[in-house]
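Residue numbering for the sequence shown follows my numbering, starting at 995 and increasing by one per position.
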Amino acid sequence: MVTIIVTVFILGYLCIALESVLKVNKAAPALLMCVACWVLYMLDAGSFIESFRGVSVAAGELSQWVNEHILLSHLGDTCEILFFLMGAMTIVEIVDANGGFNFVRDRLQTTNKHALLWRITFMTFFLSAVLDNLTTSIVMIMVLRKLVQEPKDRLIYASLIILAANAGGAFSPIGDVTTIMLWIKGNITTVGVIKELLIPSIVSVVVPTFLLQFKLKGELSKPQAAEVGDSLQFSKAERTTVFCLGVGGLIFVPIFRFLTGLPPFMGILLVLGLLWTTTEIFYRSKGHIEETTQQRVTQLLTRIDMSTILFFLGILMAVATLQETGVLTSFGRSLDTLSGGNHYLVTGIIGVVSSIVDNVPLVAGCMGMYDVAATGDFAVDGIFWQLLAYCAGVGGSMLIIGSAAGVVVMGLEKITFGWYLRHFSWIAFVGYLAGMGAYWVEKALGL
């Protein structure tokens, strides 16, 4: 049965990868794959539960036990991501529609394509470390739309945003879901991961940026004077308030989680509620009481890309079946055996695989394979855990569907899987290897 489930997953993944050829939105095969994998799981759920979880469940209670203890648990974890995503997308839409990103655009604005490339790269990189790579990608794409009108050029800039966002999240304990997992469990520390992974992460994005310069020719045209949000009656102070509440609120989400112990999506809902209330007050003070005003939150909610949300739902729930059948854990152990304990090779391969399979269950499987040791590569801030944080984060950039940032940018900019594979995957791979090389040099020099 495991073989059949894996086969269905691979076939579904191929349909997602061939979206531009099949002309079927990637959300459809993701949802079908999800349901098919769980139906197959239920056909032999008893043996899976007993072998993987060590629990024996009576046949008459099997369906209820799976629903209550397995399916709803994974659905809850998935919905945390989905609500966070929807909230973050809405917040960014509110800030953008009401002119909040105008000053960011003004500071990045230039007609020199190479200069813009480097400015966007480093702003995305460091913003991702403070926020998260998903939210940062959304913000930077919104800014990019105001600066670059040429579709071909924008594909290049958007692709680099994916890599810069993932690289920026890899060296920060709050910049990526996988680093958050390792940080919370105590495998890495804040000071340790920043100190050891900052330089490798910078190298992993600087090398691709340098290579991409040769793909950009000529000068950029100046953006139009009137753009979304520019024609509003909001004053500069009000636009700044919207920006500070939106972006500042996103920065506050990790602090909210630390103070309350509640999951991040609750912090997102708090920020969304505050920002929504503030913009309503601004509109009513100016006499805009019609709910149909295009910049009102009630209208902006209709812009949320539900196909991307459903794709996330399908792909994450399908991956959960691989986790529940022990496929991911077995794969990780096989890598360790075949590599002879070479952790650079093991984590390097995990990083490549994370561009195909979601990196969250991969990292979760690796964390379940090994205990934190007192000394050595598996100690707190040991080589294995730090490389795992780097590889799982940066490795997802090699395919556009290999990270949350990539999936969101794919939806927002309509980048096809095939275009990204042909034009950008090899560049991301070169940067990935360069970063690992930088980490090895650090260790060799005892830095």
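Every residue gets a Cβ at the ideal spot worked out from N, C-alpha and C, and that includes glycine. Just so it is clear, the structure is predicted and the values come from calculations on it, not from any experiment.
With distances taken Cα to Cα, identify the nearest neighbour of residue i among the options.
| i | options | result |
| --- | --- | --- |
| E1376 | F1418, K1437, G1412 and T1172 | The residue asked about is misnamed: residue 1376 is Gly in this sequence, not Glu. The shortest Cα separation from G1376 among F1418, K1437, G1412 and T1172 belongs to K1437. |
| R1148 | L1406, F1423 and F1325 | L1406 |
| R1139 | L1102, C1385, A1368 and F1046 | L1102 |
| H1417 | Y1338, T1271, T1072 and K1209 | K1209 |
| L1157 | Q1143, A1123 and R1297 | A1123 |
| L1176 | M1392, I1395, D1371 and W1379 | W1379 |
| L1244 | L1034, G1070, I1150 and M1083 | M1083 |
| T1105 | S1215, T1323 and C1028 | S1215 |
| T1341 | G1390, S1301 and F1305 | G1390 |
| F1305 | A1152, T1369, G1180 and K1020 | K1020 |
| D1170 | V1388, M1404, L1427 and W1434 | V1388 |
| L1069 | L1266, M1311 and L1026 | M1311 |
| M995 | I1188, G1186, G1040 and E1087 | G1040 |
| I998 | V1015, C1009 and Y1035 | Y1035 |
| L1206 | G1440, V1435 and V1424 | V1424 |
| L1256 | S1397, T1234, N1127 and E1074 | E1074 |
| V988 | L1110, L1121, F1078 and V1133 | As shown, the chain starts at 995 and ends at 1441. That puts residue 988 outside it, with no answer to give. |
| P1258 | M1361, F1078 and V1201 | F1078 |
| I1174 | T1001, Q1143 and A1386 | A1386 |
| I1394 | A1011, A1109 and G1431 | A1011 |
| L1056 | D1071, L1037 and S1195 | L1037 |
| L1076 | T1302, T1203 and T1319 | T1302 |
When we look at the beta-carbon of residue i and count the other beta-carbons within 10 Å, is it buried (16 or more) or exposed?
| i | result |
| --- | --- |
| Q1317 | buried |
| G1006 | buried |
| A1442 | As shown, the chain starts at 995 and ends at 1441. That puts residue 1442 outside it, with no answer to give. |
| A1053 | exposed |
| R1047 | exposed |
| A1231 | exposed |
| P1145 | exposed |
| I964 | Limits of the chain in this structure are 995 at one end and 1441 at the other, which puts residue 964 out of reach. |
| G1212 | exposed |
| S1229 | exposed |
| Y1433 | buried |
| E1044 | exposed |
| G1240 | buried |
| S1067 | exposed |
| F1252 | exposed |
| K1017 | exposed |
| R1297 | exposed |
| E1013 | buried |
| V1033 | exposed |
| M1300 | exposed |
| T1235 | buried |
| G1093 | buried |
| T1286 | Its pLDDT being 48, under 50, T1286 is placed unreliably in this model, and the coordinates cannot settle the point. |
| K1179 | exposed |
| R1290 | buried |
| L1439 | exposed |
Residue i bridges to which residues according to DSSP?
| i | result |
| --- | --- |
| N1106 | E1213 |
| A1386 | Answer by DSSP bridge pairing: none, since A1386 is not bridged. |
| A1367 | A1373 |
Hey, residue i and residue j are a contact pair by Cβ (cut 8 Å); roughly how many whole angstroms apart?
| i | j | result |
| --- | --- | --- |
| T1118 | T1130 | 6 Å |
| N1353 | T1172 | 5 Å |
| S1153 | I1409 | 7 Å |
| V1089 | F1237 | 6 Å |
| N1160 | S1397 | 5 Å |
| I1150 | F1165 | 24 Å between Cβ atoms; not a contact. |
| F1095 | V1137 | 5 Å |
| G1308 | C1028 | 4 Å |
| G1163 | F1120 | At roughly 11 Å, the Cβ-Cβ gap does not stay under 8 Å, so G1163 and F1120 are not in contact. |
| I1459 | L1382 | Residue 1459 cannot be examined here, being either before or after the span of the chain that is shown, 995 to 1441. |
| L1266 | G1081 | 5 Å |
Review point. In the stretch 1041-1088, which residue ranges form an unbroken alpha helix (DSSP H) of at least 4 residues, counting only runs that do not cross its ends?
Key: 1056-1060
Review point. Unbroken alpha helix (DSSP H) runs of length 4 or more, entirely within the stretch 1224-1265: which are they?
Key: 1230-1254
Point to revise | Every unbroken alpha helix (DSSP H) inside the stretch 1120-1165 [4 residues or more] | key: 1127-1141 and 1145-1164
Review point. At what residue ranges does the stretch 1317-1358 contain a whole run of the alpha helix (DSSP H), taking only runs of 4 or more?
Key: Along the length of the stretch 1317-1358, whole alpha helix (DSSP H) runs at least 4 residues long occupy 1321-1333 and 1337-1347, reported in chain order.
Check your understanding: Which whole runs of the alpha helix (DSSP H) in the stretch 1407-1440 are 4 residues long or more, in chain order?
Key -> Secondary structure remark: continuous alpha helix (DSSP H) runs of at least 4 residues inside the stretch 1407-1440, in chain order: 1411-1417 and 1419-1438.
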